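Order-wise, the sequence lines are chains A and B.
Residue numbers 1 to 418, in full-length UniProt numbering, belong to the letters of the first sequence in order.
Residue numbers 1 to 418, in full-length UniProt numbering, belong to the letters of the second sequence in order.
A virtual CB, placed ideally from N, CA and C, is assigned to each residue, including glycine.
Computed from a predicted structure; not experimentally measured.
Protein chains: 2
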Amino acid sequence: MDIQDYMTTLGRQARAASRIVSQASTAAKNDALNRIAALLRERAPQLLEANAADVEAARANGLDAAMIDRLTLTAKGVEAMAQGLEQVAALPDPVGEMTDFKRRPTGITVGKMRVPLGVIGIIYEARPNVTADAAALCLKSGNAAILRGGSEAARCNQAVAACVREGLVAAGLPETAVQVVDTTDRAAVGALITMPEFVDVIVPRGGKGLIERISREAKVPVIKHLDGNCHVYIDEFADDDKAVRIADNAKTHRYGTCNTMETLLVHVAAAPRVLGRLADIYLGKGVELRGCDRARALVPAMKAATEEDWGTEYLAPILAVRIVDTLDDAIDHINRWSSQHTDAIVSENHTRAMRFIREVDSASVMINASTRFADGFEYGLGAEIGISTDKIHARGPVGLDGLTSQKWVVLGDGHVRS
Amino acid sequence: MDIQDYMTTLGRQARAASRIVSQASTAAKNDALNRIAALLRERAPQLLEANAADVEAARANGLDAAMIDRLTLTAKGVEAMAQGLEQVAALPDPVGEMTDFKRRPTGITVGKMRVPLGVIGIIYEARPNVTADAAALCLKSGNAAILRGGSEAARCNQAVAACVREGLVAAGLPETAVQVVDTTDRAAVGALITMPEFVDVIVPRGGKGLIERISREAKVPVIKHLDGNCHVYIDEFADDDKAVRIADNAKTHRYGTCNTMETLLVHVAAAPRVLGRLADIYLGKGVELRGCDRARALVPAMKAATEEDWGTEYLAPILAVRIVDTLDDAIDHINRWSSQHTDAIVSENHTRAMRFIREVDSASVMINASTRFADGFEYGLGAEIGISTDKIHARGPVGLDGLTSQKWVVLGDGHVRS
Numbered sequence: 001m002d003i004q005d006y007m008t009t010l011g012r013q014a015r016a017a018s019r020i021v022s023q024a025s026t027a028a029k030n031d032a033l034n035r036i037a038a039l040l041r042e043r044a045p046q047l048l049e050a051n052a053a054d055v056e057a058a059r060a061n062g063l064d065a066a067m068i069d070r071l072t073l074t075a076k077g078v079e080a081m082a083q084g085l086e087q088v089a090a091l092p093d094p095v096g097e098m099t100d101f102k103r104r105p106t107g108i109t110v111g112k113m114r115v116p117l118g119v120i121g122i123i124y125e126a127r128p129n130v131t132a133d134a135a136a137l138c139l140k141s142g143n144a145a146i147l148r149g150g151s152e153a154a155r156c157n158q159a160v161a162a163c164v165r166e167g168l169v170a171a172g173l174p175e176t177a178v179q180v181v182d183t184t185d186r187a188a189v190g191a192l193i194t195m196p197e198f199v200d201v202i203v204p205r206g207g208k209g210l211i212e213r214i215s216r217e218a219k220v221p222v223i224k225h226l227d228g229n230c231h232v233y234i235d236e237f238a239d240d241d242k243a244v245r246i247a248d249n250a251k252t253h254r255y256g257t258c259n260t261m262e263t264l265l266v267h268v269a270a271a272p273r274v275l276g277r278l279a280d281i282y283l284g285k286g287v288e289l290r291g292c293d294r295a296r297a298l299v300p301a302m303k304a305a306t307e308e309d310w311g312t313e314y315l316a317p318i319l320a321v322r323i324v325d326t327l328d329d330a331i332d333h334i335n336r337w338s339s340q341h342t343d344a345i346v347s348e349n350h351t352r353a354m355r356f357i358r359e360v361d362s363a364s365v366m367i368n369a370s371t372r373f374a375d376g377f378e379y380g381l382g383a384e385i386g387i388s389t390d391k392i393h394a395r396g397p398v399g400l401d402g403l404t405s406q407k408w409v410v411l412g413d414g415h416v417r418s
Numbered sequence: 001m002d003i004q005d006y007m008t009t010l011g012r013q014a015r016a017a018s019r020i021v022s023q024a025s026t027a028a029k030n031d032a033l034n035r036i037a038a039l040l041r042e043r044a045p046q047l048l049e050a051n052a053a054d055v056e057a058a059r060a061n062g063l064d065a066a067m068i069d070r071l072t073l074t075a076k077g078v079e080a081m082a083q084g085l086e087q088v089a090a091l092p093d094p095v096g097e098m099t100d101f102k103r104r105p106t107g108i109t110v111g112k113m114r115v116p117l118g119v120i121g122i123i124y125e126a127r128p129n130v131t132a133d134a135a136a137l138c139l140k141s142g143n144a145a146i147l148r149g150g151s152e153a154a155r156c157n158q159a160v161a162a163c164v165r166e167g168l169v170a171a172g173l174p175e176t177a178v179q180v181v182d183t184t185d186r187a188a189v190g191a192l193i194t195m196p197e198f199v200d201v202i203v204p205r206g207g208k209g210l211i212e213r214i215s216r217e218a219k220v221p222v223i224k225h226l227d228g229n230c231h232v233y234i235d236e237f238a239d240d241d242k243a244v245r246i247a248d249n250a251k252t253h254r255y256g257t258c259n260t261m262e263t264l265l266v267h268v269a270a271a272p273r274v275l276g277r278l279a280d281i282y283l284g285k286g287v288e289l290r291g292c293d294r295a296r297a298l299v300p301a302m303k304a305a306t307e308e309d310w311g312t313e314y315l316a317p318i319l320a321v322r323i324v325d326t327l328d329d330a331i332d333h334i335n336r337w338s339s340q341h342t343d344a345i346v347s348e349n350h351t352r353a354m355r356f357i358r359e360v361d362s363a364s365v366m367i368n369a370s371t372r373f374a375d376g377f378e379y380g381l382g383a384e385i386g387i388s389t390d391k392i393h394a395r396g397p398v399g400l401d402g403l404t405s406q407k408w409v410v411l412g413d414g415h416v417r418s
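Spelled out as C-alpha cells, the structure:
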C-alpha cells in the first residue's frame, strides 16, 4: 500500500474515532486504561521478548550505548508502564468541565466548556514506554491519537499497541482511537504532519534535530519542546546553605534531563561565600566547570568559558559559571541565553525574588527551589506529554489540560442580537 | 534600505520594547491609551484628510465599492476609535494575575502567572480602525506590536501611528512598543511572518486568501480566523416563536459578518410549523433560499441546493436550508460542513440541547440564542483582536487573555528534588 494512502486511512479512522472518544464516559475511558494496564502485565514476557529482538537489531546496526539504554525495556519498566496507565485512570477527567458562566447585559449567559483537541499525532524516538504513556494521556483527555515511534523500537511498540487495541475494544471504545503507525518508512512522518484535515496537533518527543525538522515542515500546530538551557541565579541576599543545596541538586541530581541547570549565575557579593563550597562539591562529583574570569579568580580549577558556553545545553557533567554585578545583569543574561524552559533565583529578598519571577520570560520560574522540579508529576499534573517551550497554548509541563481547549457556550431563551 | 534589514530593525526594536511593556504598570499603559485617544480626537481633521487621500487613490486604482466603503473613515469613525481605546483602558489588566497556587507533597508551592506573549505581528487589510484597536489590545496585554495594514490605507495608518507613538512617549513608554510598518512593499509581510526570534505570534485579519497564505508561510504560530460557515438547527422540540426569531436574526441582522447563519437545519417534525413562516420573512427581506428536496416541497419558492451550498460562507442574502430526520443527523451535518465557528440549537428539550453543545465541535455553541452573539464584546471580553477558528490556545473571540499565556511559578524554601 502506498504510504500516503496508508496514512490517510489512519487519519480518517482517527478523525472518526475522535468523535466517539470525545463523548466517551469517564468510566469507559478509565476501564480501557485499567484493562490495557492488566494486559501489559499479563504479556510482560512477550513485550520483553519483542524488546530483546529490537535491542539485538539495534546492536547489529551499531546504535550507541545511550540509545541502546533508552531502548531497553526491563520487567520493572513494564510494571512502570502499567502503573502509569493506572495513574492516568485515577486522574480527574478534564473533558466537559464547564466554568465561568456569567450573565451578560443582553440576557444571554456565556461560559466555557473544556473539550478535547481532536486527533493528536505523536512522533517519538526509541523509547518503548512512550507508546503506553502517550496513548493513556490522549485517551483520558478524549482525543484520538496516531503514534509514530522510532523504528528501532518497532517490535515492542507493536506489542504494546496490541494491548492498547484490545483494552479499547474490551471497554467498548473504537480500537482506532489509538493507532500505532505500522511501518518504518520515514515518509509516514512527513504525511502525518501535513494532514490538517485529520490531525489537529503534533507533539514531537525526541532530539532537537527531530523537533526542529518537524516544526519546520508541519502544516498543523506543534506543541514543541526544544532545549532546556536552565539557570540558577544565586543572589546577594541568598541563604548560603539553600544556595549550595539548590545549585548542587539542580546540576548533579541528573545530568541528562532538560530541567538540569546548565549555567550558574552568582552575584558578585555572594560568590566569595558560596562558589568555593560549590566548586568542591562539583569537582568532587566530576563536574567540569567553565567560568568567566572573575569566577576563575575565585576557583582556579575552572576552565575558561566562551560565549558559546552560555548558549549550550550540555546534558552532561559540565557547568558554566558566571559572576554578575546585579539582579538586572542576571535577568539580562537569562533572557538573552535561556531557552525559556526553567530558571530559578535563590534569594531571601522578597522584592528581588518577585522581580526575578516577573521579568524572567521562561515557562517555569522558581524561587528557592531546584530547577529539577520542572516536571508534570512534581507540578501535580499527574503525568505529562512533554514540556512546552512555546509561548502560546501551554507553557512548561503539558498534562491532560494541555491536550484540551475550551469552547464557548452561550445559553439563551430565544435571545437575538439587536 | 533593504526591506529585510528594515523589518529586522523593527523586529529587534519590538523585542527590546516588549521587555519594557511587559513590566509596565497598568497605570502607565492606561495613561498611554487615554493619551492616544485624546490625540486621535484632536487630530481628527488631519486623519480625515489622510483618509480622503487614501480613498481618492483607491478610487483611481479602481478598487470596488465594498473595499472603498471599508476604507472610508468618518468623523464618527474617529470618535469610535478614540472610545475604543478608552474602553480598553477601562478593562482589567490581565498581566501578572497569579492563580492556582497549591502546596505539593514535596513542600514546594506551584501556581501560574499570566504573562504577555511578547511581540505580536498583525497583518490586516484596508480598515483604518484596526491600527488603533490592535495597538490598544496589544499594549494593554503587555505585548509589543508590529502592525502591517493594507497599502490602500497607508496615509491614514501612518497618521494614526503618529498619535500612538506620541501617546506612548507621553506616558513614559517606548515609542517602539507599537510600530506601524512604513512601506507598502509586500515583502514586508513575508519578512514579518518568518522572524521567530523577534515575533512570537501572528494575527492576520482579512480575507480567507490572505489568512491561508500567511498560515502556509509563517514560521511562527498564527492565531487565525478562517470561514464563518454557521448553522442554526431548529429541533423537533423547539419553541416555534423562539425558532423564528432566532433564525431570522441569525441570517438577516447583518449579511456580511462571520457569525451570520449560512445554513438552516430543521427537524422534519418542526419544518411544517416554522419553515413557511420563516420563508415569508426571508423572501420579504430579499433573501434567496436554496433548499433540499423536502424543504422545497414545503416552500416551492426555494431553489435547489447542491452539496456546494452546505460548504459555502455566502456573506450575502442567501441561505441554504436542509430538513433532517434526527438530532444526530443535524450534528453530523454540522461536524461535516461547519467551519467550527458558531452553531446554535433551538430546543426546549434539555437533553437534546446538552447533547448539541457537547457534540458540536465548534468554537461557540449556543442554545436558544442567535449566532450573531459570537463576538468579543457580547461575551464580555471588552474587545477582540479576532475570532479564532483554531483548536489550540484560544477558540472563538480572542480578547486580552488570548494575547497572554501562563507561566509556571514555583515557590520553595531551599527545596531540592530527591
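Item                                                                                                                                                                                  : Value
Under 9 Å between the Cβ atoms of Leu48 of chain B and Ala75 of chain B?                                                                                                              : yes
Cβ closer than 7 Å: which chain B residues qualify as neighbours of Glu359 of chain A?                                                                                                : Gln23
Taking Asp185 of chain A as the query, report the chain B residues whose CB atoms sit under 7 Å from its CB, ordered along the chain.                                                 : Near Asp185 of chain A there are no residues of chain B at all, since even the closest Cβ is about 25 Å away, more than 7 Å.
The ligand FMN heavy atoms versus the CB of Val130 of chain B: any closer than 8 Å?                                                                                                   : With respect to the ligand FMN, the structure shown offers nothing to examine, as it has no ligands at all.
Answer with yes or no whether the minimum CB distance from Pro94 of chain A to chain B is below 9 Å.                                                                                  : no
Indicate the three-state DSSP secondary structure (helix, strand or coil) for Cys292 of chain B in the structure shown.                                                               : coil
Are any of the Cβ atoms in chain A nearer than 9 Å to that of residue 419 of chain B?                                                                                                 : Since the first residue shown for chain B is 1 and the last is 418, residue 419 of chain B is missing from the structure and cannot be characterised.
Does the Cβ of His350 of chain A have 16 or more other Cβ atoms within 10 Å, making it buried, or fewer, making it exposed?                                                           : exposed
Do you know how far the Cα of Val222 of chain B is from the Cα of Arg41 of chain A?                                                                                                   : 44 Å
If we count the other Cβ atoms within 10 Å of its Cβ and call it buried at 16 or more, is Ser418 of chain B buried or exposed?                                                        : exposed
What residues from the segment 217–240 of chain B come within 8 Å of chain A, judged by C-beta to C-beta, listed N to C?                                                              : Lys219, Pro221, Ile223 and Asp239
Hey, could you find the ends of the beta strand (DSSP E) Gly284 of chain A is sitting in?                                                                                             : That residue, Gly284 of chain A, is in no beta strand (DSSP E); its alpha helix (DSSP H) goes Ala271 to Gly284.
Assign Asn61 of chain A to buried or exposed, taking buried as 16 or more other Cβ atoms, counted over all protein chains shown, within 10 Å of its Cβ.                               : exposed
Closer than 9 Å, Cβ to any Cβ of chain A: which residues of the segment 376–394 of chain B, in chain order?                                                                           : Glu378, Tyr379, Gly380, Asp390, Lys391, Ile392, His393 and Ala394
Report the residue from A:Tyr314, A:Thr312, A:Glu308 and A:Leu278 whose alpha carbon sits nearest the alpha carbon of Ala301 of chain A.                                              : A:Leu278
Can you give the beta carbon distance from Val169 of chain B to Leu147 of chain B, rounded, assuming they're within the 8 Å contact cut?                                              : Between Leu147 of chain B and Val169 of chain B the Cβ distance is about 17 Å, and since that is not below 8 Å, they are no contact.
According to DSSP, is Val232 of chain B part of a helix, a strand, or is it coil?                                                                                                     : strand
I want to verify the contact list: residues of chain B whose CB lies under 8 Å from the CB of Lys242 of chain A, in sequence order.                                                   : Asp413 and Gly414
Can you check DSSP and say which residues form a bridge with Met261 of chain A?                                                                                                       : A:Cys230
State buried or exposed for Glu217 of chain B, treating a residue as buried only when at least 16 other CB atoms are found within 10 Å of its CB.                                     : exposed
For Arg103 of chain A, name the three-state secondary structure that DSSP assigns.                                                                                                    : strand
Run through chain A and tell me which residues come within less than 7 Å of Leu117 of chain B, C-beta to C-beta.                                                                      : Lys391 and Ile392
Distance cutoff 9 Å, beta carbons only. Does Arg328 of chain A sit that close to anything in chain B?                                                                                 : Position check: residue 328 of chain A holds Asp in this sequence, whereas Arg was assumed. Cβ-Cβ to chain B under 9 Å: no for Asp328 of chain A.
Within the same chain, show all residues whose beta-carbon is closer than 8 Å to that of Val189 of chain A, passing over the 5 residues directly before and after it, in chain order. : Ile123, Arg148 and Ile214
Below 8 Å between beta carbons is the criterion; list the residues of the segment 103–115 of chain A that meet it against any residue of chain B, in chain order.                     : Arg104, Thr106, Ile108, Val110, Met113 and Val115
Looking only at its own chain, which residues have a Cβ that is under 7 Å from the Cβ of Phe198 of chain A, when we skip the five neighbours before and after it?                     : Gly11, Arg12, Ala14, Arg15 and Val119
Please list the segments of the beta strand (DSSP E) lying wholly inside the segment 182–238 of chain B, counting only runs of 3 or more residues, in order along the chain.          : 201–205 and 230–234
Would you say the segment 130–137 of chain A touches the segment 97–107 of chain A, given that touching needs at least three Cβ pairs under 8 Å?                                      : no
So Asn249 of chain B and Cys230 of chain B are in contact, right, with Cβ under 8 Å, and what is the actual spacing, rounded?                                                         : That belief does not hold up - the Cβ atoms of Asn249 of chain B and Cys230 of chain B are roughly 12 Å apart, past 8 Å.
Apart from the five residues just before and just after Leu210 of chain A, which ones in its own chain have a Cβ nearer than 8 Å to its Cβ?                                           : Ile123, Glu125 and Pro204
From the DSSP secondary-structure annotation, give me the bridge partner or partners of Val346 of chain A.                                                                            : A:Ile234
Whole angstroms are fine: how far does the CA of Lys112 of chain B sit from the CA of Leu265 of chain A?                                                                              : 24 Å
For Val324 of chain A, list the residues DSSP reports as bridge partners.                                                                                                             : A:His267
Listing by chain order, which chain B residues have their CB less than 9 Å from the CB of Phe373 of chain A?                                                                          : Arg104, Thr106, Ile108, Val110, Val410, Gly412, His415, Val416 and Arg417
Please classify Arg254 of chain B: does DSSP put it in a helix, a strand, or coil?                                                                                                    : coil
Provide the residue span of the beta strand (DSSP E) that contains Pro116 of chain B, from first to last.                                                                             : Thr109 to Pro116
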